[in-house]
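Take a look at the structure set out below.
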Ligand code: 0L1
Ligand code: MG
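In full-length UniProt numbering, the protein residues as written are 1 to 261.
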């Protein structure tokens, strides 16, 4: 795929994000035969554009990490994208609804690394040994595509629907924690909408970080000390609306919340 075409599609998706409006999926007309490799090239172009605009990467994230979502998308591997500094909302803070298109929220566990992790061949135990802290998080995804209707390459090109994130303010050392057994509830206006356990994320959230390191190694990249990594949804994603008060409770890890204003 020519560089000019990659740039054109990256511009198309960044413009939809900035103008807060739905766009037709890329495979609908712009590039019907878009491959996964080409989609990651478009995602990389979007990352470069944001860095050139002065934004900073907080860390990569994993998406489609539940076996149910992978089956639904007919894939045997999750996807990744990147979280930027402008996407972070303070715990307990406000998310302006008019900043987004049709946001959904999901409960996740985030890892903060104390050492670089370079694949291939990384496993979960190695990840835990190189993790400084884990913390609870709420990820707000906002696909730029109409009705969240996309193919796998479409969603990869769209930076894995990444939009906003709220990190918890309680940091825990991973030693002694059984992150696969951590139960989490996702409530809106006091009503539990979704619940799950850490094992929903590839059996254990550390497996997700290990797989991310192994996937990045294919393009000669690694995870870096200081990266904050979203490991994937423990719960399914729930649509949110103006006025909603959203809370994620994570057994032993703490609470995260925000208001949609
Ligand atoms: O964080 C994620 O799991 C992103 C998944 C992308 C698919 C979606 O937008 O639902
Ligand atoms: Mg997610």
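Each residue gets a CB set at the ideal place from its N, CA and C atoms; glycine is no exception.
When the options are compared against residue i, the one with the closest alpha-carbon
i, options, result
"residue 163", "78, 57, 5", "57"
"residue 115", "256, 184, 101, 227", "227"
"residue 179", "47, 252, 99, 53", "252"
"residue 65", "199, 255, 193", "199"
"residue 59", "231, 176, 238", "231"
"residue 7", "113, 128, 38", "38"
"residue 188", "138, 110, 13, 77", "138"
"residue 159", "202, 140, 97, 174", "140"
"residue 133", "174, 100, 153", "174"
"residue 237", "106, 243, 181, 204", "106"
"residue 209", "167, 81, 172", "81"
"residue 62", "29, 233, 98", "233"
"residue 18", "194, 168, 49", "49"
"residue 76", "91, 152, 120", "152"
"residue 257", "147, 94, 85", "94"
"residue 136", "118, 109, 202", "109"
"residue 5", "167, 23, 45, 24", "45"
"residue 241", "3, 261, 169, 70", "261"
"residue 247", "186, 35, 130, 213", "186"
"residue 3", "16, 12, 42, 85", "42"
"residue 204", "182, 32, 34, 194", "182"
"residue 69", "91, 201, 259, 30", "201"
"residue 113", "165, 171, 155, 146", "171"
"residue 211", "32, 122, 21", "122"
Residues bridged to residue i (per DSSP)
i, result
"residue 252", "The partner list for residue 252 (beta bridge, DSSP) is empty, contrary to what the question assumes."
"residue 188", "191, 246"
"residue 258", "246"
"residue 139", "106, 165"
"residue 60", "82"
"residue 131", "113"
"residue 172", "134"
"residue 239", "104"
"residue 197", "183"
"residue 145", "23"
"residue 223", "117"
Under the three-state DSSP convention, the category residue i falls into
i, result
"residue 205", "helix"
"residue 163", "strand"
"residue 49", "helix"
"residue 22", "coil"
"residue 15", "helix"
"residue 229", "strand"
"residue 212", "helix"
"residue 177", "coil"
"residue 30", "coil"
"residue 154", "helix"
"residue 2", "coil"
"residue 35", "coil"
Ligand 1 heavy atom lying under 7 angstroms from the CB of residue i
i, result
"residue 232", "yes"
"residue 210", "no"
"residue 67", "no"
"residue 140", "no"
"residue 64", "yes"
"residue 61", "yes"
"residue 29", "no"
"residue 238", "no"
"residue 155", "yes"
"residue 161", "yes"
"residue 148", "yes"
"residue 184", "no"
"residue 143", "yes"
Residue-chain proximity (residue i, chain C), Cβ-Cβ < 8 angstroms
i, result
"residue 51", "In the displayed structure, chain C is absent; only one protein chain is listed."
Any non-hydrogen atom of ligand 2 closer than 7 angstroms to residue i Cβ
i, result
"residue 77", "no"
"residue 194", "no"
"residue 191", "no"
"residue 106", "yes"
Segments of 4+ residues assigned as alpha helix (DSSP H) that fall wholly inside the stretch 62 to 127 = The qualifying runs are 67 to 72.
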